[in-house]
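**Q** Protein chains in written order, with my numbering: chain A, 1 to 152; chain B, 1001 to 1411.
The C-beta atom is built at its ideal place from N, Cα and C for all residues, glycine as well.
All of these numbers come straight from a predicted model, not from anything done at the bench.
Starting off with a structure, shown below.
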Amino acid sequence: MALEDLYREVILDHYRSPRNRQALDRANAVADGNNPLCGDEVRIELLIEGGQVTAIGVTGHGCSISQASGSMMGDAVKGRTIETIRTLTGRFKGMMSIDGANDPGLDPNRPGAVLGDLESLQGVRKFPVRIKCANLPWTTLEEAIKRFVSTD
Amino acid sequence: MMDTSAIRGDFPILERRINGRRMAFLDSAASSQKPVQVLDAMVDIYRNSYANVHRGAYTLSQEATEAYEEARHKVAVFLNAACDEEIIFTRSATAAMNLFAYGWGLNTLKPGDRILTSVMEHHANIVPWHIIARHTGAELCYMELTDGFRLDMEGARERFDERVKVVAVTGMSNVLGTMPPVDELAGLAHGVGAVLLVDGAQLVPHAPVDVQTLGADFLGFSGHKMLGPTGIGVLWGRRALLESMEPAEGGGEMIRDVRLHESDWAEVPHKFEAGTPPFVEAIGLGAAVDYLSAIGMENVLEHDRELTGYALERLAEVPGLSVQGPADTVDRGGAISFDLPGIHAHDVATILDQEGVAVRAGHHCAKPLLRSLGLTASARASFYVYNVAEDVDALVDALGVARRIFGLDGA
């Protein structure tokens, strides 16, 4: 398999210039995630207002896949409702798993087509040991949402 | 000198192609490959002489028991131990370290006592001490490193006082390759009445070890890093100390008598070998010891040193690359950890694998060390008897590919 499938230019761009890479002054949903085996670490901070993520901070360090995935994820969830984010997370994780192709709502050949830039991470699926790198920010995002304490 | 091509012929796995490329296996510090002699020794027992050891009065059990005890003798000779009874078989180096920590530490240490170790230890020589410190109230203290990745002996000397009861230190760092001066540490430890445990997981596979001159009182190591199988390790200890040490596990085989509310322990080494031991693995380790002895451990060390020197020279050609470990081959083993700014170690390892080069990436079970170096992960190449200069060249070429993919070649 070609390394170019894994290291798409858009991934390397997000790795070199990560978006949303700042700690939030005001956050009401925070979670830390790490892969103990490889040491990747990510912190997700959210400001959730009126059922919407109005701000997101993605910090931490790790490989290009975990960091690019977090960077793209930040762009994808900002301004979205929790409901939409849940659907998006399901689709992303579906794209990363073999079962993902069985989702009737998705094109079996291009399950990531609905995900925009994030589709570039589909090549990671061919490198099984790296899938957990791509999923780490998303799992941490789910954890942060679970911990959200509504102040509305 | 070593006949590397004859040695390579004993390791069928080296003929494998990885992603269409010649395989350069550079992860022996994690686990080594096995020669056919080791595989055959184990298959021979399973096919011809297999039955549980130390139990049956029948032929198969006697043969298996003899082979098991012969393996113990081979290891004793390999280390120049005073007697076979000083060799305790465990399931791993980790288990050997834990056996010592629990058997000796738990029953000896008191509040106010100190356990002295170093920041370059593997988790197997740190975490057991966290547990023992919590149980006993003893305090865990650390020796630091110099900027040149050596043990800071000047600072270390100040740590030795009568509060120190045990010094637990690696004989060769699995990350840095650094070999601290065990003899000097032994003098310091014994000077304050402490015992010295050496984590020999890297040292024993890669350097001649004579426990009569090493200076340590206990030495733990595993079989799978020295051409032997997984599931077998060794704790060597001075007989008198082993006799005064409590067992860490109870069960069959380790008792002289069992009554309803108490039991008496068997003699060493069986006192520490509860349950059916991994005896086929021990026999495999015996074959590995034969194999290494035939090469000669001086030659093994010299071969590692030559490859390490060549690798340090070639890696210096890679722009930006920094090696975490001594820059020369003096008192240094063949584990070379490196960092390539702009490319995370996992990405390095994935790209290298596509080029047929197997290296380890991560924290190498030494998180305190990596944290002290300001890293969360590094890549590591390591050598053994079957590696050749061509493997180093493949590594350096593959690092060039990684730099190109990540746009670091400046072209």
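Could you tell me the alpha carbon to alpha carbon distance between S69/A and L1242/B, rounded to whole angstroms?
**A** Roughly 53 Å between the two C-alpha positions.
**Q** Should G1325/B be labelled buried (16 or more other beta-carbon atoms within 10 Å of its own) or exposed?
**A** Buried, by the Cβ-count rule.
**Q** The alpha helix (DSSP H) with L1235/B in it runs from where to where?
**A** Note, L1235/B: premise wrong, no alpha helix (DSSP H); beta strand (DSSP E) at G1233 to G1237.
**Q** Curious, which full-length beta strand (DSSP E) runs of at least 3 residues does the segment 3-53 of chain A contain?
**A** Here the runs fully enclosed are 29-34 and 41-49.
**Q** Please state if the CB of L1307/B and the CB of F1383/B are separated by a distance shorter than 7 Å.
**A** A contact, by the Cβ cut-off of 7 Å.
**Q** What would DSSP say about Q1324/B, mapped onto helix, strand or coil?
**A** If DSSP states are grouped into helix, strand and coil, Q1324/B belongs with the strands.
**Q** Give, in chain order, every unbroken run of the beta strand (DSSP E) that is at least 3 residues long and sits entirely within the segment 1108-1163 of chain B.
**A** As far as the segment 1108-1163 of chain B is concerned, its whole beta strand (DSSP E) runs of at least 3 residues are 1114-1118 and 1139-1143.
**Q** Classify E1317/B as buried or exposed, calling it buried when 16 or more other Cβ atoms lie within 10 Å of its own Cβ.
**A** E1317/B comes out exposed.
**Q** Who are the near neighbours of V1077/B in its chain, counting only those whose CB is closer than 7 Å to its CB and skipping five residues on each side?
**A** Here the set comprises nothing.
**Q** DSSP three-state label for K1034/B, please.
**A** It is coil, neither helix nor strand.
**Q** Let me know if L3/A comes out buried or exposed under the rule of 16 or more other beta-carbons within 10 Å of its beta-carbon.
**A** Flag for L3/A reads buried.
**Q** Ordered along the chain, which non-local residues of its own chain (more than five positions away) have a Cβ less than 8 Å from that of I85/A?
**A** Counting only Cβ-Cβ distances below 8 Å, and skipping sequence neighbours, we find V53, V77, L141 and I145.
**Q** Alpha carbon to alpha carbon, what distance is there between E1249/B and M92/A?
**A** Note that residue 92/A is Phe in the sequence shown, not Met. Near 47 Å, if we compare the C-alpha coordinates of E1249/B and F92/A.
**Q** In angstroms, rounded to a whole number, what distance separates the CA positions of G1251/B and Q1354/B?
**A** Each residue's alpha carbon lies about 48 Å from the other.
**Q** Can you have a look at P1111/B and say buried or exposed, based on whether 16 or more other CB atoms are within 10 angstroms of its CB?
**A** Result: exposed.
**Q** When the distance is taken between beta carbons, is A1282/B closer than 7 Å to A1071/B?
**A** Yes, these two residues count as a Cβ contact at 7 Å.
**Q** Counting only beta-carbon atoms, is D1003/B nearer than 7 Å to chain A?
**A** It does not; no Cβ of chain A falls within 7 Å.
**Q** Are three or more beta carbon pairs between the segment 1340-1357 of chain B and the segment 1017-1036 of chain B nearer than 8 Å?
**A** Output reads yes: the segment 1017-1036 of chain B touches the segment 1340-1357 of chain B.
**Q** Taking just the CA atoms, how far does R1360/B sit from L1340/B?
**A** Between L1340/B and R1360/B, the C-alpha separation is close to 14 Å.
**Q** Going along chain A in order, which residues have a C-beta closer than 7 Å to the C-beta of H1122/B?
**A** Chain A residues near H1122/B: none, gap ~15 Å exceeds 7 Å.
**Q** Give a yes or no on whether 7 Å exceeds the smallest Cβ distance from V1396/B to chain A.
**A** So, not an interface residue.
**Q** Could you name the residues of chain B that G51/A contacts, counting a contact when the two beta carbons are closer than 7 Å?
**A** Neighbours of G51/A on chain B: none; closest Cβ ~35 Å, over 7 Å.
**Q** What is the DSSP secondary structure of A1225/B, counted as helix, strand or coil?
**A** A small fix is needed here, since residue 1225/B is Lys in this sequence, not Ala. Reduced to three states, the DSSP call for K1225/B is coil.
**Q** Under 7 Å between the Cβ atoms of F1089/B and P1277/B?
**A** It is a contact, given that the beta carbons lie within the stated cut-off.
**Q** What residue range does the beta strand (DSSP E) around L1090/B cover?
**A** For the sequence presented, residue 1090/B should be read as Thr rather than Leu. Here the beta strand (DSSP E) through T1090/B covers I1087 to T1090.
**Q** CB-CB under 6 Å to M1245/B, same chain, minus the five flanking residues each way: which ones, in chain order?
**A** Hits under 6 Å: G1103 and W1104.
**Q** So within the segment 1272-1303 of chain B, which uninterrupted alpha helix (DSSP H) runs reach at least 4 residues, ignoring any that extend past its ends?
**A** As far as the segment 1272-1303 of chain B is concerned, its whole alpha helix (DSSP H) runs of at least 4 residues are 1279-1295.
**Q** Quick one: grab the DSSP three-state call for T1170/B.
**A** Of the three classes helix, strand and coil, the one that applies to T1170/B here is strand, per DSSP.
**Q** Kindly list, in the order they appear in chain B, the residues whose Cβ is closer than 7 Å to that of G62/A.
**A** Ordered by position in chain B, the residues that pass the 7 Å Cβ test against G62/A are H1344.
**Q** Is it the case that the Cβ atoms of C133/A and I44/A are separated by a distance below 7 Å?
**A** Result no, Cβ atoms of C133/A and I44/A do not sit closer than 7 Å.
**Q** Which class does F1338/B belong to by DSSP, given the choice of helix, strand or coil?
**A** In this structure, F1338/B counts as strand in the three-state DSSP scheme.
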